[in-house]
Structure formats: C-alpha cells, structure tokens
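Visitor: Numbering (my numbering), first residue to last: 157 to 417.
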C-alpha cells in the first residue's frame, strides 16, 4: 500500500499495488499505475535527498550568502537534487509534462531557462526553440550543464541572478521558463519582492512572449505549497501578464502566462 496526498484537496489517498506474480488483470492495473507516474519508492528516496540539500542551502545562505550557498551545494555533490538520476523517474516525467504545457505547435525563437541547474529542462526546450539560454546563480551548475548538453548545438548557458538580471537581456526572449527556482530566493519573500520579480521577467520578454512558471505543490495546508501559491499569484495578478491557464499535476503547479503589451 502506498499513500499520497490527494491533489484535489489535500487528503491522503492510498493505492494498493499488484504483486509481481499477479494475474493478467492485476498486471494491467500495475501497468496503469506505471503510466500514472506517481512517485515510486526510489523517487521518494531521491526527493528526500533533495530536501536535505534544500535544508543545507538554507543554513549556508545565512553563513556565506545566496550565491556561495549554491556553489557549496554543487561543490559537495555532482547533482545536488538528484534531478539527473536515471532512478528519479518522476522528475524526468515532470520536466516532460512541463514542456507539454507550452502552446501546442508553437516554435519559439529564443528561450530562457531561469534557474536552469544542470540544464535538464533546457535540453528539453531545445526541440521547441531555435536557441535556448540556461541561467543559474551557481557557476558550477552552468559549467556542468554545458558539458551535459554538449550534443545540443542550440543550447548555451550563463551565470546570472534572478534578482540582478542584466538590462541587456530585456526583450530578447519570446519564452521564459522558471521551474522550481523562485522559492529559493533569499527570505523573506514579500509580496513586493515577488511582484518585482514578475515585472522583471516581463521585461525580458518580447511582445507576444510567453512565461511558463512551475513549482512544487502538494496540498493547500503545506507551507511550501502556500509559498508556491503566492509565487504564482504574484505573476497572475501582475499587470504585465495575462494568465492563459493554470494546471495542477502530482505534485506541482504550472502557470502559462502571456506578456501583455
């Protein structure tokens, strides 16, 4: 029996998995479970490992500052959040589904992946854009992302801080993707800070550009999920954006927003 938060309202739902020697009907249920792509036991273990990284970054931030905290994480681990692990199937599925939330059939000229980490989402965006730029606060992440994505000729990386984006980038992109990034900004994340970030992201977009925002979301009473909700609300309520749609998936939230003229 495996328990998961019910995405509709925060209750816990339980699913009983068929055994390996089950009859054909039960094996069909097992296949259906795999297609559902909820977190398998290996996924849960790797997710807990990533949570430990989050805790360490919180401690280091107070000691050495924001950027150095992330450099520390990449200095200690090749893949601090295990995002690139073949065993972390949920994370790969999640990245694929995030890209699927982009407007069907639209190809972008230049995309920006803010908070790109090891570039796992950047390389997925390569099939939807003529050029993709991944940006991360940690130079170590940018260096590793460049190595991992060497086969993708239209993907490049640069170091940068979401709170200090160069003005030379304004209007240079028709797609900005921000996945699992903004809740790592230095606390406190006030409404004014989040509104300012939303406005700054809008500056990066050319007229007609699109922002795709994704963050963890478990259930409404969860503190981290409440923070994700505030982040999405700041973009949705921004006078610079129009929300096209919002989707809740296990266990994350996605908003697709058009930049307003």
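All C-beta atoms, glycine included, are put in the ideal place defined by N, C-alpha and C.
1. Is it buried or exposed, residue 273, if we count other Cβ atoms within 10 angstroms and call 16 or more buried?
2. Residue 398 lies in the beta strand (DSSP E); which residues open and close that run?
3. Going by DSSP, what residue range makes up the beta strand (DSSP E) through residue 332?
4. So, do the region 261–279 and the region 325–342 have three or more beta carbon pairs nearer to each other than 8 Å?
5. When the Cα of residue 252 is compared with those of 276, 229, 236 and 262, which residue comes out closest?
6. Please work out which residues of its chain come closer than 7 Å, Cβ to Cβ, to residue 255, disregarding the five sequence neighbours upstream and downstream, and give them in chain order.
7. Indicate whether residue 340 and residue 372 have their beta-carbon atoms separated by less than 9 Å.
8. Helix, strand or coil for residue 268, going by three-state DSSP, please let me know.
9. Three or more C-beta pairs closer than 8 Å, one from the region 358–370 and one from the region 396–415: is that the case here?
10. Which residues does DSSP pair with residue 313 in a beta bridge?
11. Exposed or buried, residue 388, counting other C-beta atoms within 10 Å across all chains shown (16 or more means buried)?
12. Return the residue from the list 302, 351 and 224 that minimises the CA-CA distance to residue 293.
13. Considering only DSSP beta bridges, list what residue 410 is partnered with.
14. Assess, as a yes-or-no matter, whether the region 304–314 is touched by the region 338–357 under the definition of 3 or more beta carbon pairs within less than 8 Å.
15. Tell me residue 285's beta-bridge partners as DSSP assigns them.
16. Output yes or no for whether 9 Å exceeds the beta carbon distance between residue 397 and residue 416.
17. Name the one or two DSSP bridge partners that residue 215 has.
18. Name the DSSP beta bridge partners of residue 416, please?
19. So is residue 301 buried or exposed if we call it buried at 16+ other beta carbons inside 10 Å?
20. With respect to the alpha helix (DSSP H) encompassing residue 390, which residues constitute its N-terminal and C-terminal limits?
21. Per DSSP, residue 361 forms a beta bridge with which residues?
22. Exposed or buried, what is residue 288 when buried is set at 16 or more other beta-carbons lying within 10 Å of its beta-carbon?
23. Would residue 327 and residue 350 qualify as a contact pair, given that the criterion is a beta-carbon distance under 9 Å?
24. Following the continuous alpha helix (DSSP H) through residue 302, name the residue where it begins and the one where it ends.
Guide: On the basis of the coordinates in this document:
1. buried
2. 397–405
3. 329–335
4. yes
5. 276
6. 280, 281 and 284
7. no
8. strand
9. yes
10. 290
11. buried
12. 224
13. 370 and 403
14. no
15. 264
16. yes
17. Beta-bridge pairing links residue 215 to no other residue.
18. DSSP output for residue 416 lists no bridge partner at all.
19. buried
20. 379–392
21. 329
22. buried
23. no
24. 295–304
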